[in-house]
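Protein chains in written order, with this note's numbering: chain R, 15 to 283; chain C, 2 to 111.
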Amino acid sequence: MKTIFLQKSNRGRSRSLLRILSAVLLLFFVAILIGFAPDSSNRFAVATARPLWLVRTFFGDKLDFLTNFTRPKSNLIKENEELKRELDQARAETIFYGALSTEYGKLLSVLDRSLEDEKNFGKLGTVLAKPPQSPYDTLVIDIGRAAGVSAGDLVLSFGNIALGRVNSVEESHATVLLFSNGGAETQAIVERSDLSLVLTGKGGGGFEVKLPQDADIAVDDLIVLPGLLPTPLGQVVKIDTAAASSFKTVSVRALANVNNIRWVEVKKN
Amino acid sequence: MKIAGILKRILIDLFLFALLFLLPWWLWLIFAAVSVFIIDRQYEIIVLGFIADAAYGAPSSNFFGSMGKSTQNLFLADGFEFRFIFIIGTFVLLVTSMILKPRLRFYNKM
Numbered sequence: 015m016k017t018i019f020l021q022k023s024n025r026g027r028s029r030s031l032l033r034i035l036s037a038v039l040l041l042f043f044v045a046i047l048i049g050f051a052p053d054s055s056n057r058f059a060v061a062t063a064r065p066l067w068l069v070r071t072f073f074g075d076k077l078d079f080l081t082n083f084t085r086p087k088s089n090l091i092k093e094n095e096e097l098k099r100e101l102d103q104a105r106a107e108t109i110f111y112g113a114l115s116t117e118y119g120k121l122l123s124v125l126d127r128s129l130e131d132e133k134n135f136g137k138l139g140t141v142l143a144k145p146p147q148s149p150y151d152t153l154v155i156d157i158g159r160a161a162g163v164s165a166g167d168l169v170l171s172f173g174n175i176a177l178g179r180v181n182s183v184e185e186s187h188a189t190v191l192l193f194s195n196g197g198a199e200t201q202a203i204v205e206r207s208d209l210s211l212v213l214t215g216k217g218g219g220g221f222e223v224k225l226p227q228d229a230d231i232a233v234d235d236l237i238v239l240p241g242l243l244p245t246p247l248g249q250v251v252k253i254d255t256a257a258a259s260s261f262k263t264v265s266v267r268a269l270a271n272v273n274n275i276r277w278v279e280v281k282k283n
Numbered sequence: 002m003k004i005a006g007i008l009k010r011i012l013i014d015l016f017l018f019a020l021l022f023l024l025p026w027w028l029w030l031i032f033a034a035v036s037v038f039i040i041d042r043q044y045e046i047i048v049l050g051f052i053a054d055a056a057y058g059a060p061s062s063n064f065f066g067s068m069g070k071s072t073q074n075l076f077l078a079d080g081f082e083f084r085f086i087f088i089i090g091t092f093v094l095l096v097t098s099m100i101l102k103p104r105l106r107f108y109n110k111m
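As structure tokens, then:
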């Protein structure tokens, strides 16, 4: 009896195809799992990652050498100088803010509302994971349903700077979607001119908005979230004005650098 | 020899798993790219990608989540969000290694 075997090259090729097919099947399986059971997948993944995140949080900046070795020395010097300048500016603004806050408190008391009520202090949470650990513009924080956190709650840092909103909550953790998340739209106001605008997230703490050429907006203008006590969100860093266009493109940078955040405040919606 | 191979595989997987939550994502992908060439048919890298996407991505009640909506009511919105970055990334690395390995002269075929 004559038996026909596959030639060696054909056998290799079909084995190769079989391996790729296995990878494709695995890809579909995990994609379906994450797609149909996102909450369970998230619970499982965070439970698995939590010990490592806690180690990272415990060691804090000591692990930053893993990424800092790729940064040139000149950049660090430049960054240091910029930070010193910003610190001086922040000191001056704090004094000014103190004076304004007292005045604002007096005004609210006239309206029979206290400043403490208005601030509505929230829950303090530790950031377990943040960019650039993930390509997503999300934070994972260590407080969840048990601490009274619910979806839609506002997340702040450094006292009063808006970061994002709680997207999903589990018993002991929550995922925060940053306002700068790619494609996300956020209603905001230019503090100086009270101009209303809709910011579009660009990822990595960046926003963009297209405005008519005659819109009253300038570089360094503060962008805030609407409300009785305006919450700072970002600052205008660049305005692109094309002569032929009737619109200008405004680039806004988030005030808080999410890479340096360790704690956040979650405020009830 | 076989046990040594399995042990090497487990150690590399555990190392990659730890790095997944400690390093920036792009640095982790570089380590993952190296590991798929060290280990033969490292399917488990897709599982690591799944864990990363599940942990970092923003879950939603919809299949693809939500995007292009106001973040102020994102949890209610229905739209589209691509939350398979790590899964796709690791899949591409794995398949690229499967295609390239037999064509590399210096690679020791397992």
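Where is the CB? At the ideal position from N, CA and C, for every residue including glycine.
Throw me the rounded Cβ distance for the residue i and residue j pair, which I believe falls under 8 Å.
i               : j               : result
I155 of chain R : G139 of chain R : 4 Å
E205 of chain R : N56 of chain R  : In fact, because the Cβ distance is near 36 Å, the residues do not count as touching under 8 Å.
Y44 of chain C  : L101 of chain R : Actually they do not touch by this definition, with Cβ atoms about 50 Å apart.
S148 of chain R : A53 of chain C  : 7 Å
N283 of chain R : L168 of chain R : 6 Å
R70 of chain R  : L49 of chain C  : R70 of chain R to L49 of chain C, Cβ: 17 Å. No contact.
I231 of chain R : V250 of chain R : 6 Å
V141 of chain R : V278 of chain R : 6 Å
G90 of chain C  : L30 of chain C  : 6 Å
From the options, pick the residue whose C-alpha is nearest to that of residue i; which is it?
i               : options                        : result
L21 of chain C  : C:A56, C:R84, C:R104           : C:A56
F6 of chain C   : C:I86, C:D41, C:F51, C:V35     : What sits at residue 6 of chain C in the sequence shown is Gly, not Phe. It is C:D41 whose Cα lies nearest to the Cα of G6 of chain C.
L211 of chain R : R:T200, R:G220, R:G219         : R:T200
I175 of chain R : R:I237, R:R105, R:A59, R:N89   : R:I237
A229 of chain R : R:A143, R:V264, R:P246         : R:V264
P103 of chain C : R:L247, R:G26, R:F58           : R:G26
G136 of chain R : R:S171, R:A63, R:G215          : R:S171
G241 of chain R : R:V251, R:A202, R:G219         : R:A202
V1 of chain C   : C:W27, C:L17, C:W26, C:P25     : A question about residue 1 of chain C goes unanswered here, because the residues of chain C that appear run from 2 up to 111.
P146 of chain R : R:A59, R:G217, R:V280          : R:G217
I13 of chain C  : C:I88, C:W26, C:I39            : C:I39
S259 of chain R : R:G220, R:G173, R:Q227         : R:Q227
G196 of chain R : R:S207, R:A161, R:E222         : R:E222
L31 of chain R  : C:R106, C:T97, C:L105          : C:T97
F42 of chain R  : C:W27, C:P25, C:I88, C:L28     : C:I88
I11 of chain C  : C:W26, C:P25, C:I46            : C:I46
L68 of chain R  : R:E117, R:D235, R:K144, R:V190 : R:K144
With respect to the alpha helix (DSSP H) encompassing residue i, which residues constitute its N-terminal and C-terminal limits?
i               : result
V96 of chain C  : 86 to 101
K216 of chain R : Where K216 of chain R is concerned, there is no enclosing alpha helix (DSSP H), although the beta strand (DSSP E) it sits in stretches over 209 to 217.
A56 of chain C  : 45 to 57
F72 of chain R  : 52 to 73
S36 of chain C  : 26 to 39
Let me see if you follow: with CB-CB separation under 8 Å, is residue i close to chain C or not?
i               : result
R276 of chain R : no
K87 of chain R  : no
L114 of chain R : no
L32 of chain R  : no
R25 of chain R  : no
S28 of chain R  : no
T152 of chain R : yes
L35 of chain R  : no
R55 of chain R  : According to the sequence provided, residue 55 of chain R is Ser. The question's Arg does not apply to it. Yes, S55 of chain R lies at the interface with chain C (some Cβ there is under 8 Å from its Cβ).
V280 of chain R : no
F72 of chain R  : no
S171 of chain R : no
Would you please verify whether the beta carbon of residue i is less than 8 Å from any beta carbon of chain R?
i               : result
L49 of chain C  : no
F22 of chain C  : yes
L95 of chain C  : yes
D54 of chain C  : yes
A34 of chain C  : no
A19 of chain C  : yes
G6 of chain C   : no
F16 of chain C  : no
M111 of chain C : Low local confidence applies: a pLDDT of 48 at M111 of chain C is under 50, so the model's placement there is unreliable, with the coordinate-based value given in what follows. Judged by the 8 Å Cβ criterion, M111 of chain C is not in contact with chain R.
R106 of chain C : no
F92 of chain C  : yes
F85 of chain C  : yes
R10 of chain C  : no
Which two residues bound the contiguous beta strand (DSSP E) that contains residue i?
i               : result
L20 of chain C  : Segment 3 to 21 is the alpha helix (DSSP H) holding L20 of chain C; no beta strand (DSSP E) there.
I8 of chain R   : The requested residue 8 of chain R does not occur in the structure, where chain R is confined to residues 15 to 283.
E184 of chain R : Careful: E184 of chain R lies outside any beta strand (DSSP E) and carries neither H nor E.
G139 of chain R : 137 to 143
V163 of chain R : Counting along the chain, V163 of chain R falls outside any beta strand (DSSP E), and DSSP gives it neither H nor E.
L105 of chain C : Where L105 of chain C is concerned, there is no enclosing beta strand (DSSP E), given that its DSSP letter is neither H nor E.
I237 of chain R : 236 to 239
Starting from residue i, follow its DSSP beta bridges and name the residues at the other end.
i               : result
F261 of chain R : R:P226
A202 of chain R : R:L211
L170 of chain R : R:A176, R:E279
T152 of chain R : R:L191
A268 of chain R : R:G248
G220 of chain R : R:G217, R:R267
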